[in-house]
Every structure is written in C-alpha cells, then in structure tokens.
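Residue 77 in our numbering is what sits at position 76 of the sequence shown, and the numbering runs on without skipping anything.
By construction, the Cβ of each residue, glycine as well, lies at the ideal position given by its N, Cα and C atoms.
Keep in mind that this is a model prediction, so the values were computed, not measured.
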Amino acid sequence: MTIQVAARSRRERGTLKVRQNITQMSAEEVTRFRSAMEEMLRRPDNRGFQFFAGWHGVPLGICEHSNQLFLPWHRGYLYHFELALQEIDSEVTLPWWDWMDEAGIPAAYGDAEAEGKENVLASMPIEPMGVPRQPGWPDKTQRDPGGQIPGFPAPLPPPLSSFYDWVMESPSYQQFWNRCVRPHNNIHNWVGGNGGQMADENWAAFDPIFWAHHTMVDRLWRIWQHSPLGEDPDLALQETSLTFAKGPSLLVRDVLHVEQLGYEYAAQSSTVPVTG
C-alpha cells in the first residue's frame with residue numbers, strides 16, 4: 002500500500018510506503034506479506050531471514066537496549082529488514098501489532114496453519130548463519146502467551162492502553178525512550194512466557210511477531226515525535242553511528258523521521274521533499 006503525499010513544491014508529488022495494522026489488512030495483503038516472509042526464509046545468504054534475525058542476538062548481538070540508541074537502532078533494524086522484504090515484493094511493508102488497543106496475539110501470527118500449509122508467521126526455524134549450532138539452542142520459535150517465569154512478576158496481557166497517555170506525555174526524548182521500554186519489555190515477556198523465544202534477547206528476533214511488536218514501538222515514537230511534546234535527541238547523539246551488519250550505513254540523524262526512510266504509518270500523514 003502506498004500514499005501520495007504533498008511535496009514542498011505543489012507541482013510535485015512524493016510516494017511513501019504505508020505500514021498498516023496487521024488486523025486491518027485485507028486477506029490478500031496478509032497473504033502477500035506472508036509469501037514475502039516465506040521467500041525471505043528460503044534465502045540462505047545475507048538477504049535472508051536468518052541473517053537479519055541474527056543481528057539482534059545470536060550470533061551478532063549488535064542490538065541496542067537500555068540506552069538512548071534503543072529507538073533509533075531498532076528503527077534502522079526494521080528499515081533494513083523491510084528493504085529485504087521489498088526486494089521480494091516492492092509493495093510489502095512491515096505491519097504493526099497494536100498491543101495498546103487489541104487483546105491477544107493477532108490471528109495472522111497465531112494460526113498454526115494458513116491456506117492449508119504451515120504458517121511461517123506463527124513459528125520460524127532458528128538456524129543462525131555463520132556459526133556452528135551449540136547444545137541447548139532452540140530449533141524453532143515457540144510462544145507461551147501469559148506464562149509466568151517462576152520468581153518473576155507476571156507480565157500484563159495486552160491491551161496496554163493504560164500506558165498510552167503516560168508514554169505520550171513524556172516531556173523529553175530521554176523520558177520517552179525510558180517510558181517506552183516498560184511496555185516494550187512487558188510484551189516480550191508476555192509473548193515468550195516461560196520458555197518462549199520472545200522473552201530471550203538472544204532469540205527474540207527469530208520469532209516473526211518480534212517485527213510486528215517493534216514496528217508498533219516505532220509507530221509510537223513517530224506519533225510522539227509529531228506531538229507538541231515531541232523533540233529530537235541532542236545533537237551529539239544524532240551524530241552517533243548505528244551498527245548494522247549490512248549497508249546502508251546510518252547515523253542516528255538519518256533515522257529520526259520515518260519520511261527519510263520512505264514510509265509512513267496508516268492514519269498518519271507527512272510532507273516530504275521530492276527531487277528530480
């Protein structure tokens with residue numbers, strides 16, 4: 002799905018890809034997205050699912066957590082992953098899972114079978130690239146929604162709407178990313194439960210729902226950025242390099258606004274410059 006957006010010159014038009022709520026997508030759109038993920042899984046090289054999943058935890062572990070790079074690094078991560086999907090189908094974008102307003106795991110990710118075959122959005126094999134398999138590594142992703150790890154507090158089930166105003170009332174970038182971390186971590190722990198991969202940073206990105214979860218986090222950041230309280234990080238942070246395992250290379254300032262990366266979220270709007 003794409004939208005036409007007004008450019009700085011009224012004589013020109015720009016086109017942004019639109020990320021949608023997975024539960025609002027048509028059956029055809031979900032099938033297209035699933036097919037692109039299936040093809041990405043079949044690719045055994047640096048265009049494939051296993052390669053990108055391995056950036057987050059095993060084997061590369063280059064993700065940023067619990068610091069100011071949490072939001073920009075994951076925005077860049079989603080961007081790289083989405084570019085790989087669009088090499089397969091140029092109209093596919095990453096959907097988001099609206100765990101603020103919707104209960105449970107979306108049906109597209111929860112059904113064991115789709116269209117008479119195994120649904121890759123429900124579970125993926127775990128085959129990290131470039132490293133020998135170690136004893137105890139999981140073979141595929143699984144979930145335990147709502148399961149509780151002994152000795153730890155039970156995570157809250159979605160919807161997490163009670164967090165929304167608190168997150169959006171953040172008066173600074175520092176406060177915003179700090180507050181975002183709390184519902185973000187809760188969803189990881191709720192989906193993973195006792196033994197599921199989403200609760201383990203080493204394996205979380207191998208679960209397809211990871212991408213819908215983080216697309217939701219990115220969407221919340223985009224909404225806050227365009228709110229009266231929204232602000233960019235300080236200039237020093239903007240010049241920080243983000244570490245990825247494949248080009249394009251990106252600084253924080255390169256990912257500050259979704260329009261720079263060629264996408265927008267459904268029900269939001271943007272004005273972008275067009276050259277040429």
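Here Val168 carries a helix assignment [DSSP, helix/strand/coil]. Trp167 sits exposed, since fewer than 16 C-beta atoms from the chains shown fall within 10 Å of its C-beta. Residue range Phe71 to Ile89 is occupied by the alpha helix (DSSP H) that includes Glu88. Between the region 92-112 and the region 24-36 there are three or more C-beta pairs closer than 8 Å, enough to call the two in contact.
DSSP, reduced to helix, strand and coil, places Trp178 within a helical segment of the structure shown.
For Ala37 and Ala85, the gap between their C-alpha atoms comes out near 9 Å.
A Cβ-Cβ contact shorter than 9 Å links Ser124 with Ala113.
For the pair of segments examined, the region 133-142 was found to touch the region 191-211: the number of CB pairs separated by less than 8 Å reaches three.
Sorting Glu260, Glu83, Phe245 and Thr241 by C-alpha distance to the C-alpha of Arg254 places Thr241 at the top. Taking C-beta separations shorter than 6 Å and ignoring five residues to either side along the sequence, the partners of Val31 in its chain run Ala109, following chain order. Comparing alpha-carbon positions, the option among Gly77, Cys64, Val218 and Ile106 lying closest to Ser250 turns out to be Gly77. Secondary structure remark: continuous alpha helix (DSSP H) runs of at least 4 residues inside the region 177-249, in chain order: 210-226 and 236-239.
The criterion of a C-beta distance shorter than 9 Å is satisfied by Pro146 and Gly197. Listed in chain order, the non-local C-beta contacts of Glu65 below 7 Å within the same chain comprise Phe71 and Trp74, local neighbours out to five positions each way being set aside. In the DSSP assignment, Trp97 is bridged to Asn22.
Around the Cβ of Thr216, a 10 Å sphere holds 16 or more other Cβ atoms; the residue is buried.
Non-local beta-carbon contacts of Leu79 in its own chain, meaning distances under 8 Å to residues more than five positions away in sequence, involve Leu95, Trp212, His215, Thr216 and Asp219 in chain order. For Glu265, the uninterrupted beta strand (DSSP E) segment begins and ends at Tyr264 to Tyr266. Nearest C-alpha to Val121 among Arg35, Gln269, Thr244 and Gly263: Arg35. In this structure, Trp56 keeps its C-beta atom at 9 Å or more from the C-beta atom of Phe207. Buried is the label assigned to Glu265, since at least 16 other Cβ atoms lie within 10 Å of its Cβ.
Between the beta-carbon of Ser171 and that of Trp225 there is about 7 Å, and that keeps the pair under the 8 Å contact cut.
Across the set Gln69, Ile89, Leu238 and Ala267, the C-alpha of Gln69 shows the shortest separation from the C-alpha of Cys181.
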